[in-house]
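Q:
Numbering (the numbering used here), first residue to last: 1 to 317.
(1) Touch check for the segment 51-68 and the segment 175-192: three-plus C-beta pairs under 8 Å?
(2) If distances are taken between C-alpha atoms only, which option among 169, 265, 184 comes closest to residue 224?
(3) Taking the alpha-carbon of residue 125 as reference, which of 79, 131, 116 has the nearest alpha-carbon?
(4) How would you label residue 252, buried or exposed, when you count the other beta carbons within 10 angstroms and need 16 or more for buried?
(5) What does a CB cutoff of less than 6 Å around residue 151 pick up in its chain, not counting 5 residues either side in sequence?
(6) Quick one: Cα of residue 234 to Cα of residue 200, how far?
(7) Mind pulling the beta strand (DSSP E) runs of 3 or more residues that sit fully within the segment 223-308?
(8) Mind checking who residue 151 pairs with in its DSSP beta bridge?
(9) Please report the straight-line C-alpha distance between residue 230 and residue 156, rounded to a whole angstrom.
(10) Return the first residue and the last residue of the alpha helix (DSSP H) that residue 328 is part of.
(11) According to DSSP, is residue 12 part of a helix, a strand, or is it coil?
(12) My guess is that residue 82 and residue 133 are in contact by the Cβ rule of under 8 Å, so how many angstroms apart are they, rounded?
(13) I'd like to confirm something about residue 148: is its beta-carbon nearer than 7 Å to some heavy atom of the ligand NAD, or not?
(14) Along the chain, where does the beta strand (DSSP E) that runs through residue 64 open and close?
(15) I need the DSSP call for residue 337, collapsed to helix, strand or coil.
(16) Taking the alpha carbon of residue 262 as the reference point, which residue from 280, 96, 182, 239 has its own alpha carbon closest?
(17) Within this structure, are the beta carbons of residue 183 and residue 75 separated by less than 8 Å?
(18) If residue 96 and residue 73 are in contact, beta carbons under 8 Å, what's the gap, nearest whole angstrom?
(19) Could you tell me if residue 130 is buried or exposed, where buried requires 16 or more neighbouring beta carbons within 10 angstroms of its beta carbon?
(20) Return the chain-ordered list of same chain residues with a C-beta closer than 8 Å to the C-beta of residue 77, the five sequence neighbours on each side being excluded.
(21) Inspect the beta-carbon positions of residue 136 and residue 66 and report whether they are closer than 8 Å.
(22) What are the residues that DSSP puts in a beta bridge with residue 98?
(23) What ranges does the alpha helix (DSSP H) occupy inside the segment 181-226, keeping only unbroken runs of at least 4 residues that lie completely in it?
(24) Please report the distance separating the alpha-carbon of residue 59 from that of residue 127.
(25) Output needed for residue 35: all residues of its chain with C-beta closer than 6 Å, excluding positions within five of it in sequence on either side, in chain order.
(26) Going straight from the alpha carbon of residue 109 to that of residue 37, what length do you get?
(27) Out of curiosity, what's the CA-to-CA distance linking residue 292 and residue 112?
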């Protein structure tokens, strides 16, 4: 179902790690500073999960999922969750753990994710926050005093649109229709504004399942084609919306985002695509994270940064 470029290989750090059994993040941060975190951002389908695994097999790290649909239990195909095999043994937090009927808000995410970050840091590992839900990321960063390294995996929209359309076709091939059918209970009114039912690929099937028993094979195939087209269109709209939020975080809020252009990766296949990924995304990201961890100058984001800016402005008057 997913891109074949996922590979579980333990890579060596680009910089020498301190001796004594691994990277001790405590010695890398200045006194009284809170946790250092790496945030992997990008539109749907750009390879955020793959990059997070690349980094977590290079640095001692654990991953905190920040996708607002993948936090829910169930619908693994529809939500395109990373598989156990693709995790390469890296611990993941907030992935498929929330009751699918609940409404897990950005504020809920902030509370739970901040606890996960503290726990990961306390075990001297690097928290990597990864997902396409920028409202979740923003809620966490704005309310916590973290030192942040933002990695933005970007793919040109025409190339990405083609990829996500093919990904929807693969999802259908591996059982998306039956997965949604088994989850929905059409005997009752369904609220598609809460929980996992908000996922693209669920509400689009409502009309199909309600009409399915009453139409012939030809009509059913035509209706299914329409549903799949709607899912592709809505996924493309989601990608554009996610990009708009990323631009706002960079241009309006002033977040320093390290942009990694993966467009050329998606234009290639097989070994050439893997080599392009390493050259354009995984390799540069590892260098950026190495510098982030070993540079002891603070890069504070969130409330503290805003407070310092306000203090500086006040002092100038």
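We put the CB at the ideal spot given by N, CA and C, even for glycine. Predicted model only: the values in this text are computed from it and were never measured.
A: According to the structure shown:
(1) no
(2) For the purposes of this step, residue 224 is taken as the residue at position 224 of the chain shown. Cα-wise, what sits closest to residue 224 is 169.
(3) Here residue 125 corresponds to residue number 125 of the chain shown, with the count starting at 1. Nearest option by C-alpha distance: 116.
(4) For the purposes of this step, residue 252 is taken as the residue at position 252 of the chain shown. Exposed, because fewer than 16 other Cβ atoms sit within 10 Å of the Cβ of residue 252.
(5) Counting from 1 along the chain shown, the entry for residue 151 is found at position 151. The residues are 40, 258, 285.
(6) By one-based count along the chain shown, residue 234 stands at place 234. By one-based count along the chain shown, residue 200 stands at place 200. If you take the alpha carbons of residue 234 and residue 200, they lie about 7 Å apart.
(7) 257-261
(8) What you label residue 151 is simply residue 151 of the chain shown in a count that begins at 1. Paired residue(s): 40, 258.
(9) Taking the first residue of the chain shown as position 1, residue 230 is located at position 230. Taking the first residue of the chain shown as position 1, residue 156 is located at position 156. Rounded to the nearest angstrom, the two C-alpha atoms are 21 Å apart.
(10) Nothing about residue 328 can be reported from this structure: the residues present for the chain run from 1 to 317 only.
(11) Position 12 of the chain shown, counting from 1, holds the residue named residue 12. Only weak support exists for where residue 12 lies, its pLDDT of 44 falling under 50; the coordinates are left without a value.
(12) Walking along the chain shown from the start, residue 82 turns up at place 82. Walking along the chain shown from the start, residue 133 turns up at place 133. So it is not a contact: roughly 15 Å between Cβ atoms.
(13) The model on display carries no ligand, and the ligand NAD is accordingly not part of it.
(14) As a position in the chain shown, residue 64 is number 64, starting the count at 1. Segment 61-65, the beta strand (DSSP E) holding residue 64.
(15) A question about residue 337 goes unanswered here, because the residues of the chain that appear run from 1 up to 317.
(16) If you number the chain shown from 1, residue 262 lands on position 262. The residue with the shortest Cα to Cα distance from residue 262 is 280.
(17) For the purposes of this step, residue 183 is taken as residue 183 along the chain shown, with counting starting at 1. For the purposes of this step, residue 75 is taken as residue 75 along the chain shown, with counting starting at 1. For residue 183 and residue 75, yes; Cβs fall inside 8 Å.
(18) Looking up residue 96 in the chain shown gives position 96. Looking up residue 73 in the chain shown gives position 73. With 8 Å as the limit, residue 96 and residue 73 qualify as a contact, their Cβ atoms being about 5 Å apart.
(19) By one-based count along the chain shown, residue 130 stands at place 130. Residue 130 should be labelled buried.
(20) Here residue 77 corresponds to residue number 77 of the chain shown, with the count starting at 1. 1, 171, 174, 175, 176, 179.
(21) Residue numbering aside, residue 136 sits at position 136 when the chain shown is read from its first letter. Residue numbering aside, residue 66 sits at position 66 when the chain shown is read from its first letter. Against a cut-off of 8 Å, the Cβ pair of residue 66 and residue 136 comes out as a contact.
(22) In the chain shown, residue 98 corresponds to position 98, counting from 1. 72, per the DSSP bridge assignment.
(23) 206-211
(24) The residue you call residue 59 lines up with position 59 of the chain shown. The residue you call residue 127 lines up with position 127 of the chain shown. Residue 59 and residue 127: Cα-Cα distance of roughly 10 Å.
(25) If you number the chain shown from 1, residue 35 lands on position 35. The residues are 117, 121, 146.
(26) Residue numbering aside, residue 109 sits at position 109 when the chain shown is read from its first letter. Residue numbering aside, residue 37 sits at position 37 when the chain shown is read from its first letter. Rounded to whole angstroms, residue 109 to residue 37 spans 16 Å at the Cα level.
(27) Position 292 of the chain shown, counted from the first residue, corresponds to residue 292. Position 112 of the chain shown, counted from the first residue, corresponds to residue 112. One C-alpha to the other measures close to 25 Å.
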